[in-house]
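J.: The structure that follows is given in the form of structure tokens.
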Amino acid sequence: EPEVTQTPSHQVTQMGQEVILRCVPISNHLYFYWYRQILGQKVEFLVSFYNNEISEKSEIFDDQFSVERPDGSNFTLKIRSTKLEDSAMYFCASRTYATDTQYFGPGTRLTVL
Amino acid sequence: LAKTTQPISMDSYEGQEVNITCSHNNIATNDYITWYQQFPSQGPRFIIQGYKTKVTNEVASLFIPADRKSSTLSLPRVSLSDTAVYYCLALSGGYNKLIFGAGTRLAVHP
Chain A
58 EPEVTQTPSH
68 QVTQMGQEVI
78 LRCVPISNHL
88 YFYWYRQILG
98 QKVEFLVSFY
108 NNEISEKSEI
118 FDDQFSVERP
128 DGSNFTLKIR
138 STKLEDSAMY
148 FCASRTYATD
158 TQYFGPGTRL
168 TVL
Chain B
386 LAKTTQPISM
396 DSYEGQEVNI
406 TCSHNNIATN
416 DYITWYQQFP
426 SQGPRFIIQG
436 YKTKVTNEVA
446 SLFIPADRKS
456 STLSLPRVSL
466 SDTAVYYCLA
476 LSGGYNKLIF
486 GAGTRLAVHP
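If you read the sequences in order, they're chains A and B.
If you're matching positions, the first sequence starts at 58 in this note's numbering and goes up one per residue.
If you're matching positions, the second sequence starts at 386 in this note's numbering and goes up one per residue.
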């Protein structure tokens with residue numbers, strides 16, 4: 058069964074550093090998402106992406122965040138200058154046009170020191 | 386998106402049937418009821434979706450009464466591996482983002 062994959066599984070960085078989280082969505086999916094979950098809290102929507110542009114973003118997704126689909130398979134989330142409060146699990150998700158069921162990846166645990 | 390309300394936590398024992406009820410009093414005509422499951426340190430996983438009456442798949446059943454103001458996720462004969470957080474969401478067709486609440490934390494005991 059096709060799966061969404063994410064790398065790395067765990068990323069440790071220093072405050073102020075840039076990080077790029079990578080996702081490979083399921084191959085025939087057209088809609089892509091990033092969510093985050095701070096330890097012990099709810100899963101929060103960050104951004105959705107379709108047809109090579111952002112279709113919606115949350116208040117969390119400020120100027121420090123950006124997304125890109127650099128080629129036909131990868132979908133990346135960049136945080137330009139990390140803060141301590143960016144420490145969280147980051148989940149990528151994707152879906153087809155035909156259904157609203159989103160398939161989530163295993164997540165990247167980001168730790169900002 | 387319709388607001389959903391579900392119990393914070395539930396406990397059960399292996400082999401029992403578990404029913405998790407979700408209230409969605411202001412559900413819209415176009416909304417579907419969708420349930421996700423999340424294990425610790427993993428991404429949410431789609432379980433089941435329905436509009437009304439009963440839907441069954443290999444994992445669970447979903448019961449939605451005629452007024453659609455509530456729904457019940459039924460997990461038959463749970464095992465320890467069903468210990469997870471279960472989220473109830475009301476989704477309109479084509480709606481982009483998923484809005485997760487706190488979910489129901491199910492603990493299955495031996």
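We put the beta carbon where it would ideally sit given N, CA and C, even for glycine.
(1) If contact means a Cβ-Cβ distance below 7 Å, which residues of the region 104-132 of chain A contact chain B?
(2) Does the region 405-422 of chain B touch the region 449-457 of chain B, meaning 3 or more C-beta pairs lie closer than 8 Å?
(3) Along the chain, where does the beta strand (DSSP E) that runs through Ala150 (chain A) open and close?
(4) Count the other CB atoms, across all protein chains shown, that sit within 10 Å of the CB of Ile77 (chain A); report buried if there are 16 or more and exposed otherwise.
(5) Return the CA-CA distance between Thr158 (chain A) and Ile405 (chain B), expressed in angstroms with no decimal places.
(6) List the whole-angstrom C-beta distance separating Ala387 (chain B) from Ala475 (chain B), where the pair is believed to meet the contact cut-off of C-beta under 8 Å.
(7) Mind checking the region 422-434 of chain B against chain A and listing, in chain order, the residues whose C-beta falls within less than 9 Å of any C-beta there?
(8) Any idea if Gln422 (chain B) is buried or exposed, counting beta-carbon neighbours within 10 angstroms, 16 or more meaning buried?
(9) How do the region 89-108 of chain A and the region 128-145 of chain A stand: do at least 3 beta-carbon pairs fall below 8 Å, yes or no?
(10) Below 8 Å on the Cβ atoms is my contact criterion, and I expect Ile418 (chain B) with Gly435 (chain B) to pass it. Report the Cβ-Cβ distance as a whole number of Å.
(11) Specify whether the region 388-395 of chain B and the region 116-123 of chain A touch according to this definition: at least 3 beta carbon pairs, one from each stretch, less than 8 Å apart.
(12) Specify whether the region 460-467 of chain B and the region 147-157 of chain A touch according to this definition: at least 3 beta carbon pairs, one from each stretch, less than 8 Å apart.
(13) Is Asp416 (chain B) helix, strand or coil by DSSP?
(14) Which residues, in chain order, does the region 388-416 of chain B contribute to contact with chain A at a C-beta distance below 8 Å?
(15) Could you tell me how far apart the beta carbons of Tyr147 (chain A) and Thr168 (chain A) are, in whole angstroms, since I believe they sit closer than 8 Å?
(16) Drop a sphere of 10 angstroms on the beta-carbon of Val100 (chain A), count the other beta-carbons inside from all chains shown, and report buried for 16 or more, exposed for fewer.
(17) Take the Cβ of Ala492 (chain B) as the centre, count every other Cβ of all protein chains shown within 10 Å, and call the residue buried at 16 or more, exposed below.
(18) Can you tell me where the beta strand (DSSP E) with Ala487 (chain B) in it begins and where it stops?
T.: Taking the geometry as given:
(1) Ser105, Ser112, Glu113
(2) yes
(3) 145-152
(4) exposed
(5) 20 Å
(6) 4 Å
(7) Gln423, Ser426, Gln427, Gly428, Pro429, Arg430, Phe431, Gln434
(8) buried
(9) Taking a contact to require three or more Cβ pairs closer than 8 Å, the region 89-108 of chain A and the region 128-145 of chain A qualify as touching.
(10) Going by Cβ atoms, the distance from Ile418 (chain B) to Gly435 (chain B) rounds to 6 Å, so yes, they are a contact pair.
(11) In short, these stretches do not touch, since the Cβ pair count stays below three.
(12) no
(13) strand
(14) none
(15) With 8 Å as the limit, Tyr147 (chain A) and Thr168 (chain A) do not qualify as a contact, their Cβ atoms being about 11 Å apart.
(16) buried
(17) exposed
(18) Per DSSP, Ala487 (chain B) belongs to no beta strand (DSSP E) and is neither H nor E.
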